[in-house]
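K.L.:
The sequence shown lines up with residues 1 to 181 when you count with UniProt numbering.
Next up is a structure, given as structure tokens.
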Amino acid sequence: MGRPRIVVVEGDITVQPVDAVVNAANEHLAGGGGVDGAIHRAAGAAELHAACAALGGCPPGDAKATPGFRLPARWIIHTVGPRWRGGGRGEREVLASCYRRSLAVAEELGARSIAFPAIATGAYGYPPEEAAEVAVGTLLTTLSRLEEIRLVAFDRATADRYRRLLTRSPRPPEAGGQPGR
Ligand code: AR6
1 MGRPRIVVVE
11 GDITVQPVDA
21 VVNAANEHLA
31 GGGGVDGAIH
41 RAAGAAELHA
51 ACAALGGCPP
61 GDAKATPGFR
71 LPARWIIHTV
81 GPRWRGGGRG
91 EREVLASCYR
101 RSLAVAEELG
111 ARSIAFPAIA
121 TGAYGYPPEE
131 AAEVAVGTLL
141 TTLSRLEEIR
151 LVAFDRATAD
161 RYRRLLTRSP
171 RPPEAGGQPG
181 R
């Protein structure tokens, strides 16, 4: 277990050459707009819809995998973010759980690289600055066997936010000491 390299990329998650891409899905895994719609279109909507239907939904904060079908990625990890309801309804913990569970599922699959969109910051209304803090904070503090994590920003402002947070946050020392690794 270690700390994967975190890379910020501005662009479309559907073209990322990684082992697994994360989808910001809904509880029914029924497809939708935003990044979910883009992933379904690029992967092949009919096949992905059938694979999602077989999973029986997914609660907020959890993650489930399907094949990537026509994507460059071998797997899609569908996670369900919190709907923003003011911030006092456990939204932060649910969002952090999306990142942790997606990493865990990717590891179980044997993936070495993963790409994340800015989960919950579109239709689900999570304030983008706070969402970026949760994403970066969680990824920097979760040990994993993965080698690379891509934070895929769909716009410049999101990419800048991630870069600023990553520059500001030195990596925590490995568990048990050894600062600076
Ligand atoms: N690549 C990378 N990021 C993208 C792309 C893309 N191709 N397209 C959009 N984004 P959203 P949510 C960014 O709304 O808030 C769906 O209908 C977008 O700019 O996709 O978790 C689901 O079915 C934003 O920053 O996801 C659910 O019902 C981010 O992806 C619901 O929306 C997330 O926005 C989930 O809402």
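Ideal Cβ placement from N, Cα and C applies to all residues, glycine included.
Bear in mind that the values here come from a model prediction, so they are computed numbers and not experimental data.
1. Thinking C-alpha only, which one of 108, 76, 135 and 107 is nearest residue 99?
2. So within the region 76–156, which uninterrupted beta strand (DSSP E) runs reach at least 3 residues, ignoring any that extend past its ends?
3. Taking the straight line between their C-alpha atoms, what separation do you get for residue 92 and residue 63?
4. Where does residue 3 sit, in a helix, a strand or coil, going by DSSP?
5. Output the distance between the C-alpha atoms of residue 9 and residue 35, rounded to the nearest integer angstrom.
6. Nearest by alpha-carbon distance to residue 121: which of 133, 112, 110 and 111 is it?
7. Look at the alpha carbon of residue 3 and the alpha carbon of residue 88, and state the distance between them as a whole number of angstroms.
8. In whole angstroms, give me the CA-to-CA distance for residue 178 and residue 143.
9. Out of curiosity, what's the CA-to-CA distance linking residue 181 and residue 145?
10. Give the DSSP-derived three-state secondary structure of residue 18 in the structure shown.
P.N.:
So, to answer that:
1. Translated into the one-based positions of the sequence shown, residue 99 becomes position 99. Selected option, being the one with the closest Cα: 135.
2. 113–116 and 148–153
3. Residue mapping note: residue 92 aligns to position 92 of the sequence shown, counting from 1. Residue mapping note: residue 63 aligns to position 63 of the sequence shown, counting from 1. Cα to Cα, residue 92 sits roughly 16 Å from residue 63.
4. Residue mapping note: residue 3 aligns to position 3 of the sequence shown, counting from 1. Residue 3: coil per DSSP, three-state reduction.
5. Start at 1 with the first residue of the sequence shown, and residue 9 comes out as number 9. Start at 1 with the first residue of the sequence shown, and residue 35 comes out as number 35. Distance between the alpha carbons of residue 9 and residue 35: 15 Å.
6. Here residue 121 is taken as the residue at index 121 of the sequence shown, counted from 1. Checking every option, the nearest Cα to that of residue 121 belongs to 133.
7. Along the sequence shown, read from residue 1 onward, the residue named residue 3 stands at position 3. Along the sequence shown, read from residue 1 onward, the residue named residue 88 stands at position 88. Take the alpha-carbon of residue 3 and the one of residue 88: they are about 30 Å apart.
8. Translated into positions along the sequence shown, residue 178 becomes position 178. Translated into positions along the sequence shown, residue 143 becomes position 143. Note on residue 178: pLDDT 46, under 50, position unreliable in the model; the coordinate value appears next. One C-alpha to the other measures close to 15 Å.
9. In the sequence shown, the residue the question calls residue 181 occupies position 181. In the sequence shown, the residue the question calls residue 145 occupies position 145. Unreliable positioning characterises residue 181 in this predicted model, as indicated by a pLDDT of 40, which lies under 50. The coordinate reading is nonetheless provided below. Here the alpha carbon of residue 181 sits roughly 16 Å from the alpha carbon of residue 145.
10. As a first step, residue 18 must be located in the sequence shown, where it is residue number 18. Note: residue 18 maps to coil in three-state DSSP.
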